[in-house]
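Engineer: Numbering (mature numbering (1 follows the signal peptide of the UniProt record, and there is no 0)) for the sequence shown: -20 to -1, 1 to 209. Virtual Cβ for every residue (Gly too), placed ideally from N, Cα, C. Please read all numbers here as calculations on a predicted model, not as lab measurements. Quick one: the structure is below, and I'll ask about it shortly.
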Amino acid sequence: MKKILAACLLCCVSVHFLTAQTWNKTPIKEVATIEFPLSTQTVDANGQYAIGGYNDSLSFIVMFAELPADRDPKKEGSDDISVLRSFIDGHLRAEQAKSIRETNFTVNGQAGIEIYHTSPSNPMQRNRSSRYLRAIKYKNYLIGYEVMTFPDLEDNKSIEATRKHFFDSFQLNAIDSATTEIPSSSSKPIAGDSIDAIAYKIGYIAFRLFMVGIIVLIGIFIFRRIRKQ
């Protein structure tokens, strides 16, 4: 766990002050691609894979996890949408957040869920309460990608355009499950966990790691301001 946290911190610290608005096409393993409006860093350790980036107004993160290939949601009385909802529930639980609005979207014929959520009960998030999360399941891969901004910038047209571009740039790659093996560092799930329970844990852990990075960024920002004074 310490290695995971260290990698996440390194990811967040190294990209915080990059503000270039050149859109860079970024691979998400061999499964998908997405464009970031800045340079990024990747965390790939101990079963956790994430891509993160920040500028002065927005933060971006992509979370990727491989679900057990031998588990069929339908055989467990579930389905892809139920798995996505479990992932989102874990994410919201970790954030102490409340879903305000939910919509459906489609990428390359694959259905996904988008939520807008806030964290009024989380003192750490009161000034960073505007978040948009998209989640999609593709074959046995679970992908979540999220944008966070400050509440007072939420109606800024430039901010909205950047968020829309980030979401719209996400594309799934054609994968032949029988012949394509995606390199993975995923740890084995606990025996007895349902597919929905695994998705819930993925959503919960991914957000926890992301929040540690945000705390460090705030500390660095304050430290630099003090040094300038």
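1) Mind listing, in chain order, the continuous beta strand (DSSP E) runs of no fewer than 3 residues lying wholly within the stretch 22 to 99?
2) Run the CB neighbour count on residue 176, radius 10 Å, all protein chains shown included, and call it buried at 16 or more, exposed below.
3) How would you call residue 31, buried or exposed, if buried means at least 16 neighbouring beta carbons within 10 angstroms?
4) State the Cα-Cα distance for the pair residue 125 and residue 11, rounded to the nearest angstrom.
5) From the DSSP output, read off the bridge partner residues of residue 14.
6) Might you give, ordered along the chain, the residues of its own chain that have their beta carbon closer than 7 angstroms to the beta carbon of residue 169, omitting 5 neighbours on each side?
7) What is the C-beta distance between residue 114 and residue 92, in whole angstroms, given that I count them as a contact (C-beta under 8 angstroms)?
8) Can you grab the Cα-Cα spacing for the pair residue 142 / residue 111, in whole Å?
9) Is it right to say residue 80 is buried, meaning 16 or more other beta carbons lie within 10 angstroms of its own, or is it exposed?
10) Whole-angstrom Cβ separation of residue 69 and residue 183, contact assumed at under 8 angstroms?
11) Within 10 angstroms of the Cβ of residue 66, are there 16 or more other Cβ atoms? Answer buried if so, exposed if not.
12) Nearest-angstrom Cα distance between residue 21 and residue 51?
13) Grab me the residues of residue 62's own chain with a C-beta within less than 8 angstroms of its C-beta, minus the 5 sequence neighbours each way, in chain order.
14) I need the straight-line Cα distance from residue 87 to residue 64, nearest angstrom please.
Structural biologist: A quick look at the data gives this:
1) 28 to 34, 38 to 46, 78 to 87 and 90 to 98
2) buried
3) buried
4) 14 angstroms
5) 6
6) The predicted model places residue 169 with a pLDDT of 48, which falls under 50 and marks its position as unreliable; any figure quoted below should be read in that light. Excluding residues within five positions, the ones whose Cβ falls inside 7 angstroms are 48 and 178.
7) 6 angstroms
8) 14 angstroms
9) exposed
10) 7 angstroms
11) buried
12) 31 angstroms
13) 53 and 176
14) 15 angstroms
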